[in-house]
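Below is one structure, written out as structure tokens; the observations come after it.
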Amino acid sequence: MYLELDGSGPLHGQLTRALKGAMSSGSVHAGMRLPPSRLLARELGVSRNTVLAAYEQLRAEGFLDGRVGSGSFVAPLPQGARKDVGEPATAEPQSRYARRGRRFHDHAKVPGLPIPGVRHAFQYGVPLTHPAITTAWARALSQAAQYTSPFYPMTRGLPALREAVCDYLVRRRGIAATPEDVLIVSGTQQAIALTARVLLDPGERAAIEEPHYFALRTGLLVHGAELYPVSVDEDGLRCEELPQPAPKLVCVTPSHQFPSGAVLSLPRRMALLEYARKHGSWIFEDDYDGEFRYDGKPVPALRSLDDSGRVVYVGSFSKVMFPALRMAYLLMPPSLREDFVNAKWMDDFGCAAIEQAAMAGFISSGAFERHLRRSALTLRERRGILLKGLRACGRGRLEISDSHAGMHLVVWLRNASQAQGDELIEHARSRGLGLYSIAPLFIRPPARAGLLMGFAGLSPTEIEQALATFAESLDAVLPV
């Protein structure tokens, strides 16, 4: 117990005042058991008799209850004895970074958060979780804990995991990488922060897709980047809109654009790589759910076409396993390896070793890809139910952007304004259904209303129940 004696008068009196002060401030509260007299005497460097005298004085004044065999407990304070602790003084942010954080980020206004009080929600950004994955992951963690070194891991990540990532990427994403290219990071958001730190000074320009991943925009703005939005169509980023002079960084989701679902066409991929090579720009490729395609062959990653070393590639385990994992991997351009490793070291020294070892074993045993195959089948079924239901209830009022991949659909409301879209969302919420507007994912939101409808977190039965409520709200707000 920390107590500060005031140095005035006998020690037992000083200790009595110190304990009263702790009680009146609330740091020592009613019902709390005080330390045994011998222990407190040893901690404060005073005699036990000093502590016993202070305790006895406090009992006499009604501040302590003595319970035989149990010790001394703080009694409820007499009326007016407790000092009201005022609100702490409001402090202005102490750095430009902190000021930008307050300006551009509000935890309560992050798009896609759970909606309280609803029965079902088409929440996006929520990955599919099988009960079997929890058991398998617990087993992998238990095994890894038995042989993982208790010392700090390599900042880059455990060699076994980096090798497993390389083997996985060459087979599934067409990327030939070496373990020296791989940096294990704490989720995509840390990858964004490290990339901004390594490549951008505050005030430098970064191009982002319009619409885009909200947390990417926020991370870059808080870092101090100047953002240039580039529109997206059915073939992905409109490369002809990239600005002159060129931005230092171009951020894309080429294999499954978030949120539209568009796939960056091969001509535009080559044009983007040539733009970066010609102007000395860097490309941040977020391959957040490239594993889940339901029609046709998987699309190779942009990094697989890069022969100039301009692409920073990021893949996430958290999206395909579960968010609590907080683990992703970043492929560093060869010329920037030292810079990225330095930035990671200064951030947190390195990711947790036991989880890395477990993931390495999970991949090498084949359990990871079995999980992906099982998840893809389940997601295909849920996506089909959602598509069928939307087509049935739409009756000309919905335009569905079917992306053939991922864990969500973009649904536009034909001839409906943003205000009507907000009315639909509010009506559905009043009936226990959570809907999410696409507007927060634009810097310049479109005039028409659109929804982002995630299906990974709902069972087939729940999707059907949610669709029934959605149809009722659609008829009430946008009658045919």
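Residue numbers (this note's numbering): 84 to 563. All C-beta atoms in this analysis are idealised placements derived from N, C-alpha and C, irrespective of residue type, glycine included. Quick caveat: nothing in here was measured; it's all calculated off a predicted structure.
In chain order, what are the residue ranges of uninterrupted beta strand (DSSP E) at least 3 long that sit wholly in the segment 363-429? 365-369, 394-399, 411-414
In this structure, how does DSSP classify Leu102 when only helix, strand and coil are distinguished? The count along the sequence shown starts at 1 and reaches residue 102 at position 19. Three-state result, Leu102: helix.
Could you name each continuous beta strand (DSSP E) segment of 3 residues or more that falls completely within the segment 210-290, going from the start of the chain to the end? 265-268
Check whether Arg456 and Phe538 have beta carbons under 8 Å apart: Start at 1 with the first residue of the sequence shown, and residue 456 comes out as number 373. Start at 1 with the first residue of the sequence shown, and residue 538 comes out as number 455. In this structure, Phe538 does not lie closer than 8 Å to Arg456 by Cβ.
Tell me whether His213 is buried or exposed, calling it buried when 16 or more other Cβ atoms sit within 10 Å of its Cβ. As a first step, residue 213 is located in the sequence shown; it is residue number 130 there, counting from the start. Classification of His213: exposed, given that the 10 Å Cβ count is below 16.
Check whether the segment 442-458 and the segment 298-307 touch, using three or more Cβ-Cβ pairs below 8 Å as the test. no
My output table needs one value for Ala204: the three-state DSSP class, helix, strand or coil. To locate residue 204, count along the sequence shown from 1; it is residue 121. Note: Ala204 maps to strand in three-state DSSP.
For the alpha helix (DSSP H) containing His510, list its first residue and its last residue. Position 427 of the sequence shown, counted from the start, is the residue given in the question as residue 510. From DSSP, the alpha helix (DSSP H) with His510 extends over 501-513.
Quick check: what's the CA-CA separation for Arg453 versus Arg183? Translated into the one-based positions of the sequence shown, residue 453 becomes position 370. Translated into the one-based positions of the sequence shown, residue 183 becomes position 100. When rounded, the distance between both Cα atoms is 43 Å.
Three or more C-beta pairs under 8 Å: does that hold for the segment 359-377 against the segment 336-347? yes
Can you list, in chain order, the residues of its chain whose CB lies under 6 Å from that of Ala549, leaving out five sequence neighbours each side? Mapped onto the sequence shown, residue 549 falls at position 466. Same-chain partners within the cutoff: His203, Leu516.
Three Cβ pairs or more, each shorter than 8 Å: is that satisfied between the segment 420-433 and the segment 399-411? no
Less than 6 Å between C-beta atoms, sequence neighbours within five positions excluded: which residues of the same chain meet that for Ala105? As a working mapping, residue 105 is identified with position 22 in the sequence shown. So the qualifying residues of the chain are Val111.
Tell me where the alpha helix (DSSP H) around Tyr180 begins and ends. Position 97 of the sequence shown holds residue 180. Where Tyr180 is concerned, the enclosing alpha helix (DSSP H) stretches over 179-187.
DSSP beta-bridge partners for Met536? Residue mapping note: residue 536 aligns to position 453 of the sequence shown, counting from 1. Paired residue(s): Leu492.
By Cβ distance, which residues of its chain are closer than 7 Å to Val209, with the 5 residues on each side in sequence left out? The sequence position of residue 209 within the sequence shown is 126, counting from 1. Closer than 7 Å at Cβ, skipping near neighbours: Gly537, Ala539, Gly540.
Backbone CA spacing between His487 and Pro523 [nearest angstrom]: Start at 1 with the first residue of the sequence shown, and residue 487 comes out as number 404. Start at 1 with the first residue of the sequence shown, and residue 523 comes out as number 440. So the alpha carbons of these two residues sit roughly 23 Å apart.
Between Ser364, Val281, Val346, Phe205, which lies nearest to Ala329 when the distance is taken from Cα to Cα? To locate residue 329, count along the sequence shown from 1; it is residue 246. Of the candidates Ser364, Val281, Val346, Phe205, the one whose C-alpha sits nearest the C-alpha of Ala329 is Ser364.
In three-state terms, what does DSSP make of Leu123? In the sequence shown, counting from the first residue as 1, residue 123 sits at position 40. Here Leu123 sits in helix by DSSP.
With Ile267 and Arg245 assumed to form a contact (beta carbons below 8 Å), what rounded beta-carbon distance in angstroms separates them? Within the sequence shown, the letter at position 184 stands for residue 267. Within the sequence shown, the letter at position 162 stands for residue 245. Contact flag correct, Cβ pair sits at about 7 Å.
Does the Cβ-Cβ distance between Ala475 and His510 come in under 8 Å? Within the sequence shown, the letter at position 392 stands for residue 475. Within the sequence shown, the letter at position 427 stands for residue 510. No. Outside cutoff.
What do you get for Phe451, buried or exposed, if any count of 16 or more other CB atoms within 10 angstroms of its CB means buried? Numbered from 1 along the sequence shown, position 368 holds the residue referred to as residue 451. With 16 or more Cβ atoms within 10 Å of its Cβ, Phe451 is classed as buried.
Would Gly472 and Ile546 qualify as a contact pair, given that the criterion is a beta-carbon distance under 8 Å? Within the sequence shown, residue 472 is the residue found at index 389, counting from 1. Within the sequence shown, residue 546 is the residue found at index 463, counting from 1. Yes, the Cβ-Cβ distance between Gly472 and Ile546 is below 8 Å.
If we count Cβ pairs, one from each stretch, closer than 8 Å, do we get three or more for the segment 176-192 versus the segment 424-435? no
With a 10 Å radius around its C-beta and 16 neighbouring C-beta atoms as the bar for buried, classify Pro294 as buried or exposed. One-based indexing of the sequence shown puts residue 294 at position 211. By the 10 Å Cβ count, Pro294 comes out buried.
Just to confirm, are Gln566 and Pro528 a CB contact at a threshold of 8 Å? An answer regarding residue 566 cannot be provided, because it is not within the stretch 84 to 563 covered by the chain.
Take Pro159 as the anchor and find which of Arg150, Thr99, Glu506, Phe146 has the nearest alpha-carbon. For this step, residue 159 is matched to residue 76 along the sequence shown. Cα-wise, what sits closest to Pro159 is Phe146.
Whole-angstrom Cβ separation of Gly489 and Gly344, contact assumed at under 8 Å? Here the question's residue 489 lines up with position 406 in the sequence shown. Here the question's residue 344 lines up with position 261 in the sequence shown. Right, their Cβ atoms sit about 6 Å apart.
Contact under 8 Å by Cβ, Thr552 with Arg514: Position 469 of the sequence shown holds residue 552. Position 431 of the sequence shown holds residue 514. Yes.
Considering only their Cβ atoms, is the gap separating Leu355 from Cys322 smaller than 8 Å? Position 239 of the sequence shown, counted from the first residue, corresponds to residue 322. Position 272 of the sequence shown, counted from the first residue, corresponds to residue 355. Against a cut-off of 8 Å, the Cβ pair of Leu355 and Cys322 comes out as a contact.
Leu408 burial status per 10 Å Cβ neighbour count (16 or more: buried): Taking the sequence shown and counting its residues from 1, one reaches residue 408 at position 325. Leu408 comes out buried.
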